[in-house]
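Step one of this worksheet: look at the structure below.
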């Protein structure tokens, strides 16, 4: 499955409107915010009972997976479908579930407050549910999804004295080699270690943490809470380092511009577990056999030339390094 898919679930009392654009969407929030009601309405619709009064509008089939015993069999036999799973089903935290999602052409809506480190889901696709203020005068209550973490870009210019990167490969190579003199650059050694690095900060030096937003969702809750204790630490979450290069204009074409403008229309969920993997594959494909040939494990030194580095860093709004 690819593309954006609008979903409307409603009865005479309540209506939910939301849009999905990636293979994994996580819905969080406290009790009594409408998560369970949404699942129950979808279950009622799936039962086919006309008495339920539930109406579903979507260009794809929608299905609630609620079987703890046969969930693997059911998922293997479900295709091109939006699958909803409630947090009471613990299998969503397992590696077996992640493996099935990885090769699936379904989209998944996971309603859970649990951390899901096995799944590379985007910070941008973590939502809560709230009542829309647009329709207060109407009898029907309208609920919609909202991004819990909103706009994460720095609102003012950040000039870090220290940079912590998620990985130790090409992204670390780039920042450690191209930053201004005197800027310390460290590798966290993986997204799960960002939180540990953040907790270890013992000074007030301005620190910029760079991670792949396309797959950082599982870490966001605890990292965001820890950031509140470090007012001089900032989080920058581009889709990935490869996305920064593609956005930089170092290679340009109408097709690439179309992809970057609307990625969901070009990323097939069965082929790419996360958008980060897609952007890596696209960059490797575009640069193959050229002087810009890209390898994730070891950065091509051409990206460290003054011109190339300046173009890549120019994509990072409000950040001067």
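In my numbering, the protein residues as written are 917 to 1237. Here a beta-carbon is modelled for each residue, glycine too, at the ideal position from N, C-alpha and C. As the structure is a computational prediction, the values presented were derived from the model and not from experiment.
Same chain only: Cβ atoms within 7 Å of residue i, ignoring 5 sequence neighbours per side
i	result
residue 1209	1203 and 1216
residue 1115	1142
residue 1073	1234 and 1236
residue 1111	1135, 1138, 1139 and 1142
residue 973	924
residue 1166	1208, 1224 and 1227
residue 1212	1085, 1086 and 1196
residue 945	951, 1044 and 1045
residue 1108	1033 and 1135
residue 1149	1114, 1117, 1123, 1125 and 1143
residue 984	1005 and 1007
residue 1199	1158, 1161, 1162 and 1210
residue 955	980, 1000, 1002 and 1027
residue 1064	944, 1042, 1043 and 1044
One or two residues paired with residue i in a DSSP bridge
i	result
residue 1044	1062
residue 979	999
residue 1101	1079
residue 942	1026 and 1042
residue 932	925 and 1059
residue 955	None, per the DSSP bridge assignment.
residue 971	926
residue 1237	Partner(s): none; residue 1237 has no beta bridge.
Proximal residues to residue i (C-beta, below 8 Å), its chain only, five neighbours per side dropped
i	result
residue 1090	1157, 1215, 1219, 1220, 1225 and 1228
residue 927	957, 968, 969, 970 and 971
residue 1099	1076, 1077, 1078, 1079 and 1237
residue 953	930
Contacting residues, own chain, Cβ-Cβ under 6 Å from residue i (five flanking each side not counted)
i	result
residue 1026	942, 1001 and 1008
residue 1164	1227, 1228 and 1231
residue 1175	1182
residue 968	960
residue 868	Any property of residue 868 remains undetermined from this structure, which presents the chain solely from 917 to 1237.
residue 1126	1081 and 1152
residue 1018	1189
residue 1031	1134
residue 1016	991
residue 1159	1195
residue 933	924 and 1060
residue 963	none
residue 977	997
residue 1222	none
residue 1121	1077 and 1078
Cβ-heavy atom distance, residue i to the ligand GDP, below 8 Å
i	result
residue 1100	Ligands displayed in this structure: none; no statement on the ligand GDP is therefore possible.
Assigned exposure category for residue i - 16 Cβ within 10 Å defines buried
i	result
residue 1011	exposed
residue 1207	exposed
residue 1179	buried
residue 1193	buried
residue 1103	buried
residue 1201	exposed
residue 935	exposed
residue 1037	buried
residue 1131	buried
residue 1155	buried
residue 1171	exposed
residue 1096	exposed
residue 918	buried
residue 905	Since the first and last residues shown for the chain are 917 and 1237, residue 905 lies out of range.
residue 922	exposed
residue 1106	exposed
residue 1113	buried
residue 939	buried
residue 995	exposed
residue 878	Outside the modelled stretch of the chain, which goes from 917 to 1237, sits residue 878, for which no answer is possible.
residue 1129	buried
residue 1040	buried
residue 937	buried
residue 1035	buried
residue 1020	buried
residue 975	exposed
Span of the beta strand (DSSP E) around residue i
i	result
residue 992	No beta strand (DSSP E) contains residue 992, which is instead part of the alpha helix (DSSP H) from 987-992.
residue 1074	Note, residue 1074: premise wrong, no beta strand (DSSP E); not H, not E.
residue 1124	1123-1126
Limits of the alpha helix (DSSP H) - the one that residue i falls within
i	result
residue 1228	1222-1230
residue 1203	1191-1203
residue 1013	1011-1018
residue 1008	Careful: residue 1008 lies outside any alpha helix (DSSP H) and carries neither H nor E.
residue 1032	Taken as a continuous stretch (DSSP letters only), residue 1032 belongs to no alpha helix (DSSP H), as it is neither H nor E.
residue 1206	From DSSP, residue 1206 is part of no alpha helix (DSSP H); its letter is neither H nor E.
residue 1090	1086-1094
residue 1115	1110-1115
Any chance you could list the alpha helix (DSSP H) runs of at least 4 consecutive residues sitting entirely within the stretch 1132-1177, in chain order?
1133-1143, 1157-1163 and 1170-1177
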